[in-house]
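Asker:
Residue numbers (the numbering used here): 2 to 429.
Right, dumping it as C-alpha cells:
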C-alpha cells in the first residue's frame, strides 16, 4: 500500500496532478482532511504518491466530532493507514453545536472546517467528488438557493485557508476502482445510510432513483453547478466594479448605493458580506434592508444576528451586531491601554495621569479649537460623524475637575493629548 510502490499512469493520478500543478508551490504544506472513509483514503493515497512530483509536503488531519460511538475506533484506523503511507497524522477533537438552527450536519461541517483551517497548512484538501457536488446542488436548490448557492462547491475556494477539492469532477466509481486496484483499506460510516440526515435522504431517495431513470443525471447536475459557478464569478466581478463606484474611504456612499439598480445593490450587499465571511440575509430581510437604505438619511442601524448595516449622513458601513456595555466610571493611571465601551484608549504620556473616565451625563463641553469657544459633545459628535449609538459608549476624559477629551477631540489648552482614542473600524 505504500505510495512509493504505486506506478504513476495517465489515469486518476495524472488528472489530479494536472489540476494541482498550477496551484501548488514547491515547499508548500498540504493537509488532507482524512476521515478514514473511501473518498478521503483515496485522496490521501494520491497526495502521498504525488507529493515528490509536486514538490510539496503532505500530512493528514482527522477531525473527531464525537457524534457516534462507532467513531471512537476511527483515529486508530487512521493512524494505521497513515503509518503505512508514511504520512504524519494529527487528530483534532471538536465540539459540535447540536442546537445549531441550520441542523446537525451544518454544525458538524462548520466545526470541521474551523478545525482544519486552524492547523496552519498552506492548503487543505477535501475529498468531495462528483456525486457530492450533485447532492449539494439538489440540497441547496430545495432550500431556494440563488446563484451563489447553486454554484455548490468549488474546486478552489480561497476564502480563509485555501481549500482544494481535487476529486470534485470525478465519479465515485473511479475512486472505488482506484482503492481496489491499490489494496486500500477504509471505514464504512454507518451514519451514511441514516435517512434522517438530509444529505443521505437526497443521495438514496432522490439522486439514486434519478440516476436509474436518467443515467447521465449526476454528471449533468455537476455540470450545471459549474455553469452556476461561472455565473457567480461574473456577479462577483460586477460587484467589485460597483464597489469601486460607491466606496469612499473604507465606507460606502449612501447616495451612490441608492443610484444602483435594486438587483445590483442586492448583489453588492451579498458580495461584501461574503467577503467578510458573514451570512447574507434571506430574500425578505434583504428587501427590507434595501427599503430602509432608500428611506430618509437619518442615522440608523439595521441589525441582523451577527452584523449590522449602519448609516450616518452619506456614510454606510458594516459592523458587529452586538454593542459592548459602557465602561465603569473611575480613575485610569495610563499604565496600560484600556478598553471602555467602543473606545480603545492608548496612553501617549504616562506622566499625565491619573485621568478620570466617566460616561456622558449631558452638558459636557470641550474646546478643541483655541480660536473658537468650547462646544458641547453632541455637536462635536455630529461634525465628526460619530453615530448616535456609539456616543454613550465613549468615555469623557476628565483631569483636575474639567473635561479635556472625548472621542477624537482634546482641549486645545493641552500641550499634547495624554492618550489616543481609537474607535471601531468602519468597513464596507
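Just so you know, even glycine gets a beta-carbon here, dropped at the ideal spot from N, CA and C.
Since this is a predicted model, take the numbers as computed values, not measurements.
Could you compute how far the alpha carbon of residue 97 sits from the alpha carbon of residue 64?
Answerer: Cα to Cα, the separation comes out at about 11 angstroms.
Asker: In terms of alpha-carbon separation, which member of 29, 62 and 349 lies closest to residue 44?
Answerer: Minimum Cα-Cα distance from residue 44 among the listed residues 29, 62 and 349 corresponds to 62.
Asker: Leaving aside the five residues before and after residue 223 along the sequence, list all residues of the same chain whose C-beta is less than 6 angstroms from its C-beta, in chain order.
Answerer: 131, 134 and 135
Asker: Which residues in the same chain have their Cβ closer than 6 angstroms to the Cβ of residue 83, if we skip the five residues on either side of it in sequence?
Answerer: 61 and 90
Asker: Given a threshold of 16 other Cβ atoms within 10 Å of its Cβ, counted over all protein chains shown, does residue 316 qualify as buried or as exposed?
Answerer: buried
Asker: Residues bridged to residue 337 by DSSP?
Answerer: Answer is none; residue 337 lacks a bridge partner.
Asker: Relative to the C-alpha of residue 282, which candidate in 296, 267 and 295 has its C-alpha closest?
Answerer: When each option's Cα is compared against that of residue 282, the closest is 267.
Asker: Relative to the alpha-carbon of residue 408, which residue among 373, 372 and 340 has its alpha-carbon at the smallest distance?
Answerer: 340
Asker: Confirm, please, whether the CB-CB distance from residue 312 to residue 301 is below 8 angstroms.
Answerer: yes
Asker: Ends of the beta strand (DSSP E) at residue 286?
Answerer: Note, residue 286: premise wrong, no beta strand (DSSP E); alpha helix (DSSP H) at 284–295.
Asker: Bridge partners of residue 332, per DSSP?
Answerer: 357
Asker: For a quick check, are the C-beta atoms of residue 1 and residue 232 less than 8 angstroms apart?
Answerer: Outside the shown range of the chain, which is 2 to 429, sits residue 1, and nothing can be said about it.
Asker: Would DSSP call residue 420 helix, strand or coil?
Answerer: strand
Asker: Check residue 53 in the structure and name its three-state DSSP category.
Answerer: helix
Asker: Could you check if residue 332 is buried or exposed, using at least 16 other CB atoms within 10 Å of its CB as the buried criterion?
Answerer: exposed
Asker: In terms of DSSP beta bridges, what is residue 82 paired with?
Answerer: Residue 82 pairs with nothing; no bridge assigned.
Asker: Leaving out the 5 sequence neighbours to the left and right, which residues in its chain are closer than 7 angstroms to residue 1 when beta-carbon positions are compared?
Answerer: The chain is shown only over 2 to 429; residue 1 falls outside these bounds and no answer can be derived.
Asker: With DSSP collapsed to three states, give me the class of residue 348.
Answerer: strand
Asker: Thinking C-beta only, is residue 279 closer than 8 angstroms to residue 308?
Answerer: yes
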